[in-house]
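Student: Here the sequence shown is numbered in the UniProt record's numbering, starting from 1 and rising by one per residue.
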Amino acid sequence: GNLMPKTAKSRDYAAFFRILSEAHLPTAYIPGPQDAPIWEYLREAANIELVRPEMRNVHETFTFWKGPYLVAGIGGEITDDGEPEEGEALRYPAWVAEYHLKTLWDLKDYPKIFLFYTNPYHKGLGEGGSHEVAHLVKTHNPLLVITAGRGQKHEMLGASWVVVPGDLSEGEYSLLDLRARKLETGNVR
1 GNLMPKTAKS
11 RDYAAFFRIL
21 SEAHLPTAYI
31 PGPQDAPIWE
41 YLREAANIEL
51 VRPEMRNVHE
61 TFTFWKGPYL
71 VAGIGGEITD
81 DGEPEEGEAL
91 RYPAWVAEYH
101 LKTLWDLKDY
111 PKIFLFYTNP
121 YHKGLGEGGS
131 HEVAHLVKTH
141 NPLLVITAGR
151 GQKHEMLGAS
161 WVVVPGDLSE
171 GEYSLLDLRA
181 RKLETGNVR
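1. In the DSSP assignment, find the unbroken beta strand (DSSP E) run with Trp39 in it and report its ends.
2. For Val137 versus Pro111, is the C-beta distance shorter than 9 Å?
3. In chain order, what residues of the same chain have a beta carbon less than 7 Å from the beta carbon of Trp39, not counting five sequence neighbours either side?
4. Buried or exposed: where does Ala180 fall if 16 or more other Cβ atoms within 10 Å of its Cβ makes it buried?
5. Going along the chain, which unbroken runs of the beta strand (DSSP E) with 3 or more residues stay wholly within the segment 51-79?
6. Please classify Leu175: does DSSP put it in a helix, a strand, or coil?
7. Taking the DSSP output, what are the residues bridged to Met4?
8. Answer with buried or exposed for Leu175, where buried requires no fewer than 16 other C-beta atoms within 10 angstroms of its C-beta.
9. Thinking just about the alpha-carbon of each residue, which of Val133, Tyr69 and His59 is nearest to the one in Leu107?
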């Protein structure tokens, strides 16, 4: 989801990233639509990565984790068309997402984990979602796709495991075991 409220400034992101980094665990993250303007988010993402290399912003880029896994993502809302917006809200037309993920064609041998704010469309769920995100998932065939959304749920989209881990601000969490494909959900409240 959104990392911070719409009114957040650089110092707010800095405080959030410092708290998140205290776990000393590999952490990949992307911004939500309200994490605009993008430069407030990116400035502090770059700063935390200098002192905590286990923290990785994967918005429009990728990193490698032990396994080895390739972790990539596109934050904000992915729309079917239109122009990119990064000032008032983060919105990207599908062609921008495709463009930033095109380098993955050269990295086919790595199991992939994708992070998206926008859920992929899945006809079996009867819920909304993006056809374009579903196309990206089917094209790159990641092992795991983590998306934002209400509740805690999971589904298969082709060979990809799509997980909505829940809303941390509501106390929800999810623990994933990639090898066994097991999901444990809970609430700390």
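We put the beta carbon where it would ideally sit given N, CA and C, even for glycine.
Tutor: Taking the geometry as given:
1. Translated into positions along the sequence shown, residue 39 becomes position 39. No beta strand (DSSP E) holds Trp39; the alpha helix (DSSP H) holding it covers Ile38 to Val51.
2. The residue you call residue 137 lines up with position 137 of the sequence shown. The residue you call residue 111 lines up with position 111 of the sequence shown. No.
3. Against the sequence shown, residue 39 aligns to sequence position 39. Closer than 7 Å at Cβ, skipping near neighbours: no residue.
4. The residue you call residue 180 lines up with position 180 of the sequence shown. So Ala180 ends up on the exposed side.
5. 55-57, 61-65, 69-74 and 77-79
6. Counted from its first residue, the sequence shown places residue 175 at position 175. Leu175 falls in the strand class under three-state DSSP.
7. As a position in the sequence shown, residue 4 is number 4, starting the count at 1. None, per the DSSP bridge assignment.
8. Position 175 of the sequence shown holds residue 175. Exposed is the call here.
9. One-based indexing of the sequence shown puts residue 107 at position 107. Of Val133, Tyr69 and His59, the residue nearest in Cα terms is Tyr69.
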